[in-house]
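Oh and the sequence shown: position 163 is 194 in our numbering, straight run, nothing missing. The structure appears below as structure tokens.
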Amino acid sequence: KDKFTLNIFHNLFMKYPVLIPNIFNFPFTYESDIDLKVGDYVYVPFGKSKITGVVWDTFEKTNNKNFQIKKILKKIEIKALKKETITFLNWFSEYNLVPKGMCLKLHLLSGEAITNYEDENYLPYNKQKFVNKFTLSSDQRKTFDEISKKNNKFRVHLLQGTTGSGKTIVYFKHIKQLLEKGLQAMILLPEIGLTTEFESKFEEFFGFSAAVWHSGVTPKKKKIIWSGISSGKINVIIGARSSLFLPFKNLGIIIVDEEHDQSFKQDEGVIYNARDMAIARANFENIPINLVTAVPSIETYANIKKKKYSVSRLTKRYKDANLPSYEIIDLKKNILDKQSWIANETLEKVNSHLKKNDQVLFFINRRGFAPYALCKKCLNVYSCPNCSINLVYHKHKNKLLCHYCGFQAQLSRNCKKGEVCDFVFSGPGVERISEEVKLKFPNKKISIFSSDTMNKKSSKKKLEDIVKGKIDILIGTQLISKGFHFPKLNCIVILDIDLNSNGHDLRTAEKNLQLYHQLSGRAGRTGKPATVYFQTYNSNQSIINQITNPDPFIFLENELKLREKNNLPPYERFVSLILTSSNEKNLEKESMNLKTMLSQSLNDKILGPVNAPIYRVRQKYRQRLLIRSKKGTNIQKRLGEILITYKLPKEIKLTVDVDPITFN
32 KDKFTLNIFH
42 NLFMKYPVLI
52 PNIFNFPFTY
62 ESDIDLKVGD
72 YVYVPFGKSK
82 ITGVVWDTFE
92 KTNNKNFQIK
102 KILKKIEIKA
112 LKKETITFLN
122 WFSEYNLVPK
132 GMCLKLHLLS
142 GEAITNYEDE
152 NYLPYNKQKF
162 VNKFTLSSDQ
172 RKTFDEISKK
182 NNKFRVHLLQ
192 GTTGSGKTIV
202 YFKHIKQLLE
212 KGLQAMILLP
222 EIGLTTEFES
232 KFEEFFGFSA
242 AVWHSGVTPK
252 KKKIIWSGIS
262 SGKINVIIGA
272 RSSLFLPFKN
282 LGIIIVDEEH
292 DQSFKQDEGV
302 IYNARDMAIA
312 RANFENIPIN
322 LVTAVPSIET
332 YANIKKKKYS
342 VSRLTKRYKD
352 ANLPSYEIID
362 LKKNILDKQS
372 WIANETLEKV
382 NSHLKKNDQV
392 LFFINRRGFA
402 PYALCKKCLN
412 VYSCPNCSIN
422 LVYHKHKNKL
432 LCHYCGFQAQ
442 LSRNCKKGEV
452 CDFVFSGPGV
462 ERISEEVKLK
472 FPNKKISIFS
482 SDTMNKKSSK
492 KKLEDIVKGK
502 IDILIGTQLI
512 SKGFHFPKLN
522 CIVILDIDLN
532 SNGHDLRTAE
542 KNLQLYHQLS
552 GRAGRTGKPA
562 TVYFQTYNSN
572 QSIINQITNP
582 DPFIFLENEL
592 KLREKNNLPP
602 YERFVSLILT
612 SSNEKNLEKE
622 SMNLKTMLSQ
632 SLNDKILGPV
642 NAPIYRVRQK
652 YRQRLLIRSK
662 KGTNIQKRLG
672 EILITYKLPK
682 EIKLTVDVDP
692 ITFN
């Protein structure tokens, strides 16, 4: 009888591992008389608060058999998190050396799982009246057939196409095919600024709205989207990096548009590369993923060479429009006037285009008015008090700004010599170029296109004005190169492309190639002759020939050989360790201690510690170590086991960056 009673009690209170969205790398053990399964969302007590968690697939490992087990408060009545997603989050945690609880935090919305809304909230995303007015060219049709005839299991396919070749329409057709089978789709974009125009393109093709997911979306709308994706009542997400962690009910395909773009790398908080993680999620979901670009990243190209990825290529622009030609304006021969950044020869070329009613773009990848502000009297260059970088002068705000921590300062300040500073501004930004262009072309409508001007409510109106030709001259940063369609743009002047690799960025050549092809892709899209002008002191013809070759694979082939020769990624895995502290001496000492300990525990090459190129950010000093490891050795697992036992002083923070893109 007593044994029978014990069995009933045991059945009433089962133990469950529950992962909570916090810094812990393991689930906590709870008990409940509710019948629960892996993936169920539950409400549990944690410390003095109550929190949402998920029933996980493994129990915590502990030697303490006397810990108190708390009871699960209730089950949240929504669809359970899929086992495939749990497996993906576990893998994500190990690969990026991020605690499992923090991975769950990326999935939950403000720490919550969102219950269902009334169906009317999902109606804008479900009016599936597909529009059939889009016809594919023979080139596009061939590519569509290559993609659509493959089975719907996991595979990585690169859709590479000349800018303006109609890559988007090809993968839209493929998405349409899968939606008709009741599947969901995720389209990842690298920039929030791209979503507005892309939304319009999507709605024009499909006849209904995609749900848009990024940091600018309101909390209420995010709740509707989260629940709609979980319940299957929303079919398509157009999103930034964070959409990768949404609870899709029946995901059928992932698209990574502009797959080469470095904005897919999340470099604050939880550090990860959204393109690589999207490939992993597709693998765990056993669904296809399409990478889309004009110029693939070197990693993608290497995987094509190894035949790990398949590829389709669109070599012709839509309606057979020609790619722009290019010309070099040698600044050694065309001396710039004082306080001028545009050569007279450049102005003549621009004038000839304006007379033909062509739209003109001046490209300079610097925000603000000038990157340096110095006093003529005391020669002091004004830098950020929190970061070891110069303050950038923004004339329209009349302020000095730090682009790292957001520090702002007034321009009027006392000179070290006891007088008021007399400022000189060195170097140009978009605002300074805009001023010069307005002086040279006073009767033309001129507009700046940068993240400072395009994240506001006026963005949609500005894009419409550009497309309709109401703006004659654009001055833009790198944002303008990313996927916009400007039918009247036929002249691009590149003022500051860096044709020299200075040694501190192994991706300089690759980035220049991608930037040129993206920029040139904005011009000549409607068939009119277009030209890109390089205004440069470096007239090295061979470098310019390499990056302007219509076939980027030729450049990537040479770059890959160079990487292999020097054992650089993708032939080795880099893991960057960044230590930060407000105490400079303690930081140096602890960085050396960590290097010593790692050297004793790992057989891999460990470089550093060295001061980070930007040594101080937000009042914290920064030191870097770099681990160079052979591919396939699972450095993350070994490193994770070492770091879990290493106790850093409280004032020192350690950040791990697997597969770093920059070394700032």
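Note that CB positions come from ideal geometry on N, CA and C, so glycine has one too.
Under the three-state DSSP convention, the category residue i falls into
{"i": "PHE123", "result": "helix"}
{"i": "PRO278", "result": "coil"}
{"i": "GLU108", "result": "coil"}
{"i": "ASP288", "result": "strand"}
{"i": "VAL323", "result": "strand"}
{"i": "ASP66", "result": "coil"}
{"i": "THR562", "result": "strand"}
{"i": "ASN459", "result": "Note that residue 459 corresponds to Pro in the displayed sequence, not to Asn. PRO459: coil per DSSP, three-state reduction."}
{"i": "LEU271", "result": "According to the sequence shown, residue 271 is Ala rather than Leu. Coil at ALA271, not helix or strand."}
{"i": "ASN531", "result": "Low confidence applies here, because ASN531 scores a pLDDT of 46, under 50, leaving its location unreliable; read the following figure in that light. In this structure, ASN531 counts as coil in the three-state DSSP scheme."}
{"i": "PRO691", "result": "coil"}
{"i": "ASN576", "result": "helix"}
{"i": "LEU410", "result": "coil"}
{"i": "ARG538", "result": "coil"}
{"i": "PHE586", "result": "helix"}
{"i": "GLU91", "result": "coil"}
{"i": "ILE218", "result": "strand"}
{"i": "GLN99", "result": "coil"}
{"i": "THR686", "result": "strand"}
{"i": "GLU143", "result": "strand"}
{"i": "GLY283", "result": "strand"}
{"i": "ILE302", "result": "coil"}
{"i": "ILE310", "result": "helix"}
{"i": "PRO130", "result": "coil"}
{"i": "THR676", "result": "coil"}
{"i": "ASN617", "result": "helix"}
{"i": "THR166", "result": "coil"}
{"i": "ASN38", "result": "Only weak support is given to the placement of ASN38: the predicted model assigns it a pLDDT of 45, under 50, and the value that follows is read from those uncertain coordinates. If DSSP states are grouped into helix, strand and coil, ASN38 belongs with the helices."}
Counterpart residues of residue i in DSSP-defined beta bridges
{"i": "PRO48", "result": "THR60"}
{"i": "PHE233", "result": "Answer is none; PHE233 lacks a bridge partner."}
{"i": "VAL73", "result": "GLY84, LYS106"}
{"i": "VAL187", "result": "ILE320"}
{"i": "SER343", "result": "LEU190"}
{"i": "TYR652", "result": "SER612, ARG647"}
{"i": "TRP244", "result": "GLY270"}
{"i": "GLU603", "result": "LYS661"}
{"i": "PHE454", "result": "CYS406"}
{"i": "LYS636", "result": "ARG659"}
{"i": "LYS296", "result": "ASN304"}
Nearest to residue i (by Cα), restricted to the options the options
{"i": "LEU608", "options": "THR579, ASN589, GLY639", "result": "GLY639"}
{"i": "GLN171", "options": "SER414, HIS427, ILE200, LYS430", "result": "ILE200"}
{"i": "ASN183", "options": "GLY192, ASN152, SER660, ALA216", "result": "ALA216"}
{"i": "ASP690", "options": "LYS681, GLN667, PRO680, ILE675", "result": "GLN667"}
{"i": "TYR303", "options": "LEU591, ASN614, LEU137", "result": "LEU137"}
{"i": "VAL155", "options": "LEU140, LEU610, ILE268", "result": "One detail in the question is off: residue 155 reads as Pro in this sequence, not Val. Comparing Cα positions, the closest option is ILE268."}
{"i": "ARG186", "options": "ASP453, ALA374, ASN317, TRP244", "result": "ASN317"}
{"i": "LYS499", "options": "LYS113, LEU520, PRO402", "result": "LEU520"}
{"i": "GLY78", "options": "PHE90, THR89, GLN99", "result": "GLN99"}
{"i": "GLY5", "options": "GLU91, LYS101, LEU139", "result": "With the chain running from 32 to 695 in the structure shown, residue 5 is simply not present."}
{"i": "LEU322", "options": "ASN569, ASP368, ILE178, LEU367", "result": "ILE178"}
{"i": "LYS364", "options": "ARG538, HIS434, PRO250, ASN569", "result": "ASN569"}
{"i": "LEU209", "options": "ILE575, GLY195, CYS446, PHE175", "result": "PHE175"}
{"i": "ASN665", "options": "THR693, ASN634, ILE645, VAL641", "result": "ASN634"}
{"i": "MET308", "options": "ALA325, VAL287, GLY300", "result": "VAL287"}
{"i": "VAL86", "options": "TYR47, ILE359, GLU330", "result": "TYR47"}
{"i": "GLU91", "options": "ASN56, CYS134, LEU135", "result": "ASN56"}
Inspect the CB distances between the segment 252 to 264 and the segment 225 to 237 and report whether three or more fall short of 8 Å. Short answer: they don't touch.
Unbroken beta strand (DSSP E) runs of length 3 or more, entirely within the segment 465 to 527: which are they? If one requires a minimum length of 3 residues, the beta strand (DSSP E) runs lying completely within the segment 465 to 527 are 477 to 480, 504 to 507, 520 to 525, in chain order.
For the segment 542 to 557 and the segment 509 to 525, state whether three or more C-beta atom pairs, one from each stretch, are separated by less than 8 Å. Segments in contact, yes.
Hey, which unbroken runs of the beta strand (DSSP E) at 3 residues or more fall wholly within the segment 354 to 439? Complete beta strand (DSSP E) runs here, min 3: 356 to 361, 390 to 394, 403 to 406, 423 to 425, 430 to 432.
Between the segment 105 to 116 and the segment 61 to 80, can you find at least three pairs of beta-carbon atoms closer than 8 Å? Contact check between the segment 61 to 80 and the segment 105 to 116: three or more CB pairs, one atom from each, fall below 8 Å, which counts as touching.
Inter-stretch contact at 8 Å, needing at least 3 Cβ pairs: the segment 274 to 292 / the segment 206 to 221: Cβ pair count under 8 Å is three or more, so yes.
When the Cβ atoms of the segment 360 to 379 are set against those of the segment 434 to 445, are three or more pairs found closer than 8 Å? A contact between stretches requires three or more CB pairs, one per stretch, nearer than 8 Å, and the segment 360 to 379 fails this requirement with the segment 434 to 445.
Can you find at least 3 beta carbon pairs, one from the segment 613 to 633 and one from the segment 656 to 674, that sit closer than 8 Å? A contact between stretches requires three or more CB pairs, one per stretch, nearer than 8 Å, and the segment 613 to 633 meets this requirement with the segment 656 to 674.
May I ask you to verify whether the segment 577 to 595 touches the segment 607 to 625, counting CB pairs closer than 8 Å and requiring at least 3? They do not touch, by the three-pair rule.
So, does the segment 672 to 683 touch the segment 266 to 285, judging by three or more C-beta pairs under 8 Å? Taking 8 Å as the limit for Cβ pairs, the verdict is that the segment 266 to 285 does not touch the segment 672 to 683.
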